[in-house]
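Residue numbers (the numbering used here), protein chains in the order written: chain A, 710 to 828; chain B, 710 to 828. Just below is one structure, and these are the notes that go with it.
Protein chains: 2
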Amino acid sequence: MSKSLPLLTPVETVACCSPVTREPLSADAAVRISPLLKALADPVRLRLLSLVASHADGEACVCDLQEAFDLSQPTISHHLKVLHEVGLLERSKRGVWVYYRVQPAALGDLAALLGGVGA
Amino acid sequence: MSKSLPLLTPVETVACCSPVTREPLSADAAVRISPLLKALADPVRLRLLSLVASHADGEACVCDLQEAFDLSQPTISHHLKVLHEVGLLERSKRGVWVYYRVQPAALGDLAALLGGVGA
DNA sequence: ACCGGACATCGAGATGTGTCAATATTGATA
DNA sequence: TATCAATATTGACACATCTCGATGTCCGGT
Chain A
710 MSKSLPLLTP VETVACCSPV TREPLSADAA VRISPLLKAL ADPVRLRLLS LVASHADGEA
770 CVCDLQEAFD LSQPTISHHL KVLHEVGLLE RSKRGVWVYY RVQPAALGDL AALLGGVGA
Chain B
710 MSKSLPLLTP VETVACCSPV TREPLSADAA VRISPLLKAL ADPVRLRLLS LVASHADGEA
770 CVCDLQEAFD LSQPTISHHL KVLHEVGLLE RSKRGVWVYY RVQPAALGDL AALLGGVGA
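Below, the structure written as structure tokens:
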């Protein structure tokens with residue numbers, strides 16, 4: 710594997726491309742964007758993201774999220790990590806609890822990239 | 710694996726949900742939507758889709774697409790099949806050639822689901 | 001200082017995915 | 001009909017991913 714330049718999270722790089730329907734996506738861009746879609750391409754992570762996004766105050770404690778699933782605690786922790794690493798979820802620790810919130814522009818930029826409404 | 714009800718392609722089911730940021734996605738909906746994102750979550754397939762979408766007349770022959778990649782013919786064929794099966798690409802055979810075009814509303818509906826601009 | 005609870009990390013097993021070479025299928029053409 | 005070119009399918013392999021139990025870490029309370 711050749712080392713690329715992961716200085717930005719996938720979420721940060723997604724804002725800089727014109728819609729996929731407008732002009733052919735470069736190989737580079739595709740490689741940078743796909744991890745973001747890969748992070749979303751799991752039923753559990755999709756629901757986690759949706760739960761956090763639609764939660765009161767826009768943030769949710771891990772303890773809130775666990776209850777919605779019939780999965781072990783490490784598994785939920787793993788999925789949250791994936792969403793966090795690509796930049797979709799922000800993370801803040803308060804006391805013993807960890808809160809996640811959706812990175813504001815993330816989904817919008819991705820939607821623009823796919824749907825072609827944005828730049 | 711329990712059999713669900715795949716009477717509709719993922720693309721067809723995606724239009725019926727409110728944005729993920731609006732209310733928690735049901736487990737069912739998440740399971741139906743994730744295959745669509747999974748299909749997109751590969752650099753090669755992202756580029757294939759983009760190539761088809763931005764091609765003249767909105768459609769492209771497989772022979773056109775192969776050239777853009779340093780991959781074997783079966784591999785490209787496989788990726789096109791994945792995109793076709795989830796309903797992102799339509800397929801039409803003319804003579805010996807096979808042409809693919811983007812299912813019109815597919816990306817827009819997905820963008821609406823993610824970005825929350827749609828219903 | 002100790003303990004308990006919230007969350008993360010580790011290691012392992014089962015399953016899924018991307019890729020290729022080989023082969024099959026289909027349609028045009030000689 | 002025989003053959004060639006375009007695309008699909010099959011079988012196999014390496015690698016990634018999802019999940020869990022066990023364990024580690026960090027913080028608050030007693």
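Beta carbons are placed, not taken as given, at the ideal position from N, Cα and C, and that holds for glycine.
Asked                                                                                                                    : Found
Ala739 (chain B) versus Val753 (chain B): straight-line alpha-carbon distance, rounded                                   : 24 angstroms
As assigned by DSSP and simplified to three states, the class of Cys726 (chain B)                                        : coil
Alpha-carbon spacing of Val761 (chain B) relative to Arg803 (chain A), whole angstroms                                   : 48 angstroms
Residues near Arg800 (chain A) in its chain [Cβ-Cβ closer than 7 angstroms; skip 5 each side]                            : His793, Val807, Tyr809
CB contact flag (Leu746 (chain B), Leu755 (chain B), <8 angstroms)                                                       : no
Chain-ordered residues of the region 730 to 748 of chain A with a beta carbon less than 7 angstroms from chain B         : Thr730, Arg731, Glu732, Pro733, Leu734, Ala736, Ala739, Val740, Ile742, Ser743, Leu746, Lys747
Where Ala821 (chain A) falls: helix, strand or coil (DSSP)                                                               : helix
Within chain B, partners of Ala751 (chain A) - CB distance below 7 angstroms                                             : For the record, residue 751 (chain A) in the displayed sequence is Asp; it is not Ala. Near Asp751 (chain A) (Cβ distances below 7 angstroms), the residues of chain B are Ser743.
Beta strand (DSSP E) runs contained entirely in the region 780 to 813 of chain B, provided each spans 3 or more residues : 798 to 803, 806 to 811
Reduced DSSP secondary structure (H/G/I, E/B, other) of Ala769 (chain A)                                                 : strand
Limits of the unbroken alpha helix (DSSP H) element including Arg756 (chain A)                                           : 752 to 762
Distance between beta carbons of Gly824 (chain A) and Gly817 (chain B), contact taken as under 8 angstroms               : 5 angstroms
Straight-line gap, Ala724 (chain B) to Ala815 (chain B) (C-alpha atoms, nearest Å)                                       : 8 angstroms
CB contact below 8 angstroms: Cys770 (chain B) versus chain A                                                            : no
Proximal residues to Cys772 (chain B) (C-beta, below 8 angstroms), its chain only, five neighbours per side dropped      : Trp806
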